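Residue numbers (our numbering): 122 to 674.
Glycine included, every Cβ here is placed at the ideal spot set by N, Cα and C.
Fair warning: this is a prediction, and the values are worked out from it, not measured in the lab.
Report on the following structure.
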Amino acid sequence: MADPVRIAFLGGLGEIGRNCMVIEQEDRLLLIDCGLMFPDADMHGIDLVLPDFTWLRENARRVEACVATHGHEDHVGGLHFLLRELEFPIYGSAVTLGLARSRIEEAGLLGRTRLVTVKDGERLRIGPFDVEFIPVTHSVPHAMAVALHTPQGVILHSGDFKIDLTPVDGRRTDLARLGALASDGGVRLLLADSTNAEERGHSPTESSIGAVLRQLFADHAGRRIITASFASHIHRIQQIADAAVASGRKVATLGLSVKKNVRMARELGVFSIADSSLIDIEQIDDHPPGEVCVISTGSQGEPMSALALLARGDNRWLKVGEHDTVILSSHAIPGNEMNVSRVIDGLLKAGAEVVHSGVADVHASGHAQADELKTYLSIVQPEWFVPIHGEFRHMVANAKLGQLMGVDRRKILLCEDGDVLELNDEGLTPTGRVPAGYLYVDGIVGDVGQGVLRDRRVLAEEGVVVVVVSVDVEAGKVLTGPEIITRGWVYAPEAEDLLDEACEAVSAAVEKALREGVRDPEGLERDVRRAAGKFVNERTKRRPMIVPVVMEA
Ligand SMILES: [Zn+2]
Ligand SMILES: [Zn+2]
Numbered sequence: 122m123a124d125p126v127r128i129a130f131l132g133g134l135g136e137i138g139r140n141c142m143v144i145e146q147e148d149r150l151l152l153i154d155c156g157l158m159f160p161d162a163d164m165h166g167i168d169l170v171l172p173d174f175t176w177l178r179e180n181a182r183r184v185e186a187c188v189a190t191h192g193h194e195d196h197v198g199g200l201h202f203l204l205r206e207l208e209f210p211i212y213g214s215a216v217t218l219g220l221a222r223s224r225i226e227e228a229g230l231l232g233r234t235r236l237v238t239v240k241d242g243e244r245l246r247i248g249p250f251d252v253e254f255i256p257v258t259h260s261v262p263h264a265m266a267v268a269l270h271t272p273q274g275v276i277l278h279s280g281d282f283k284i285d286l287t288p289v290d291g292r293r294t295d296l297a298r299l300g301a302l303a304s305d306g307g308v309r310l311l312l313a314d315s316t317n318a319e320e321r322g323h324s325p326t327e328s329s330i331g332a333v334l335r336q337l338f339a340d341h342a343g344r345r346i347i348t349a350s351f352a353s354h355i356h357r358i359q360q361i362a363d364a365a366v367a368s369g370r371k372v373a374t375l376g377l378s379v380k381k382n383v384r385m386a387r388e389l390g391v392f393s394i395a396d397s398s399l400i401d402i403e404q405i406d407d408h409p410p411g412e413v414c415v416i417s418t419g420s421q422g423e424p425m426s427a428l429a430l431l432a433r434g435d436n437r438w439l440k441v442g443e444h445d446t447v448i449l450s451s452h453a454i455p456g457n458e459m460n461v462s463r464v465i466d467g468l469l470k471a472g473a474e475v476v477h478s479g480v481a482d483v484h485a486s487g488h489a490q491a492d493e494l495k496t497y498l499s500i501v502q503p504e505w506f507v508p509i510h511g512e513f514r515h516m517v518a519n520a521k522l523g524q525l526m527g528v529d530r531r532k533i534l535l536c537e538d539g540d541v542l543e544l545n546d547e548g549l550t551p552t553g554r555v556p557a558g559y560l561y562v563d564g565i566v567g568d569v570g571q572g573v574l575r576d577r578r579v580l581a582e583e584g585v586v587v588v589v590v591s592v593d594v595e596a597g598k599v600l601t602g603p604e605i606i607t608r609g610w611v612y613a614p615e616a617e618d619l620l621d622e623a624c625e626a627v628s629a630a631v632e633k634a635l636r637e638g639v640r641d642p643e644g645l646e647r648d649v650r651r652a653a654g655k656f657v658n659e660r661t662k663r664r665p666m667i668v669p670v671v672m673e674a
């Protein structure tokens, strides 16, 4: 009997983001990706959400390394948080590590890791793990799929991918190698990206965007062009730069992340532009509008990004006006639509013309759609199939595609964050759970927790009522108060009567409690909260946060 292999999902199943899973073999743990997720609108004040690291912390000594499939934040953006607690090397392509590195460096944690660059097609041992890196096309250069050659056969992790036959850099998803894995010995288990499984057909090739951009640049000749896309989408930035240079424009970058990524990509030879075509953003006014193109960050409408500042008229370097055309070469990630809309409104109010994916084909997704997934499944022909990366509906759609392509329906498992699977001679079975809740990050505080978030939600939606009363415990009587201070419940000047009545209700409750012999402040606070809450709810049908303060005199 061959040794079993276990797989634990710490994030990315049932949500878009915080992709993170762990493979366990011979008692050692190998992480595949460690990403972050952007918060929902109801996660008040939360900057980002991470995988739950509890289980990794408890098994810190068993962690061998992390393999990063590509450099997007939802795959590598959690590493600098995990490295605060654990030390481990990180394996990935040069671009992946280039993107991951800066956050780790900023956090001062480079000393806790070793960045090991791997090449396309390379196969190496990492502890007991036999890992092969297979090139795939995605919306960031040099993304990889990972094939683990285990005692239980090949486990293939698709990474994020699309099947683009004409990618900008010519580096295609290596279908031939995937086919070879399928024919020599077969793929025992496939874990595949589900993000676009509900989208019919085939995603457009990235290079089709170039032609659209060239046409837009021609149509807007004489005007200043400002573009925004993901700062890590080097191929998109390349196509923008090419269209700009071809139409006689100089290129300036706006926003630190574009600037850094362009520099890194030029050093690695995955982005090319002549020095003479690049200008600094400070020199932008030295050139006529029709001879410049600005490449900016902020395509997701992030409130503090360069583009959002531009839309609010707060950008240090330039003001948007009637002579500008702004091209949003991107698509809003679910949850960001409102922010993007606000940015578009701001730009239009400033007089600019705005081109976005709703009005022109200025964006192509980096994730495989249904037909691409079918092609992939038909080549890989896995024995077992677990859809990953996506909301539950996306994983269900991907599971259906698996069935359609001939995977036995009993061998397709729908999993959730926290599930642990064991692959052994018998097959693949769920064997347990590990903690996989959300880790909320606010500022530099590691985990603000569910309780804080619940409080913030109540404060945001219902407001707060503070009730202060001081009592003479020995004499058993109220000395001063109750006094009620409120924010966000009712507009105080118009609600004086209501507040007076609330005070009476609380006062009666405190006096009753004192008569009944309650003397401890906690007990009295409980009675104050109950009385105030009951009054507020009965009279206003609202449930603000009630904060009782009982002072002993
Ligand atoms: Zn992803
Ligand atoms: Zn990605």
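Reference residue i, options the options, closest by Cα
i: I465; options: H484, L428, R437, G570; result: L428
i: L207; options: V461, E673, C187; result: C187
i: A395; options: R530, R384, L230; result: R384
i: A228; options: D241, H201, T238; result: H201
i: C536; options: R554, Q359, I667, S398; result: R554
i: V413; options: G376, M425, R437, A367; result: A367
i: E253; options: G539, A313, A268; result: A268
i: I137; options: P172, I358, I284, L151; result: P172
i: A181; options: V379, A623, V143; result: V143
i: V586; options: P556, V668, V631; result: V668
i: G511; options: E504, K655, H488; result: H488
i: H354; options: S486, L574, A616, H341; result: S486
i: P503; options: A652, D529, V541; result: D529
i: P409; options: V379, G602, R370; result: R370
i: M158; options: L574, G456, R650; result: G456
i: G422; options: A386, N460, E543; result: N460
i: E327; options: A471, I361, F338, L310; result: I361
i: S591; options: T374, S378, P642; result: P642
i: V415; options: P424, L431, E543; result: L431
i: F282; options: T258, V569, R224; result: T258
i: R183; options: D295, A339, I247, G135; result: I247
i: H356; options: E388, H263, P508, L151; result: H263
i: S324; options: L494, A674, V589, V639; result: L494
i: T190; options: G343, C141, Q146; result: C141
Contact test: residue i Cβ vs ligand 2 heavy atom, cutoff 7 Å
i: G198; result: no
i: V188; result: no
i: V261; result: yes
i: H191; result: yes
i: G133; result: no
i: G487; result: yes
Where residue i falls, given that 16 or more other Cβ within 10 Å makes a residue buried
i: I606; result: exposed
i: L245; result: exposed
i: Q336; result: exposed
i: E185; result: buried
i: T234; result: buried
i: G702; result: Missing from the structure shown is residue 702; the chain here goes from 122 to 674 and no further.
i: Y497; result: buried
i: S397; result: exposed
i: M164; result: buried
i: Y612; result: exposed
i: A301; result: exposed
i: V126; result: buried
i: P551; result: exposed
i: M122; result: exposed
i: K440; result: exposed
i: R636; result: exposed
Any non-hydrogen atom of ligand 4 closer than 7 Å to residue i Cβ
i: L218; result: Inclusion of ligand 4 in the displayed structure is not the case, the ligand content consisting of ligand 1 and ligand 2 alone.
Quiz item: Are there three or more Cβ pairs, one per stretch, closer than 8 Å when the region 299 to 307 is compared with the region 282 to 289?
Solution: At 8 Å Cβ cutoff, the stretches do not touch.
Quiz prompt | Residues near ligand 1, criterion Cβ-heavy atom distance below 6 Å | solution = Environment of ligand 1, chain-ordered: N140, H193, D195, H196, D281, H510, taking every residue with Cβ within less than 6 Å of a heavy atom.
Quiz item: So, do the region 594 to 601 and the region 193 to 203 have three or more beta carbon pairs nearer to each other than 8 Å?
Solution: Too few Cβ pairs lie closer than 8 Å, so no.
Quiz item: Would you say the region 551 to 571 touches the region 166 to 178, given that touching needs at least three Cβ pairs under 8 Å?
Solution: In short, these stretches touch, since the Cβ pair count reaches three.
Quiz item: Does the count of Cβ pairs from the region 474 to 487 and the region 525 to 542 closer than 8 Å reach three?
Solution: Taking 8 Å as the limit for Cβ pairs, the verdict is that the region 525 to 542 does not touch the region 474 to 487.
Practice problem: Check whether the region 613 to 630 touches the region 568 to 583, counting contact only when three or more Cβ pairs, one atom from each stretch, lie closer than 8 Å. | Solution: Result no; under three Cβ-Cβ pairs closer than 8 Å.
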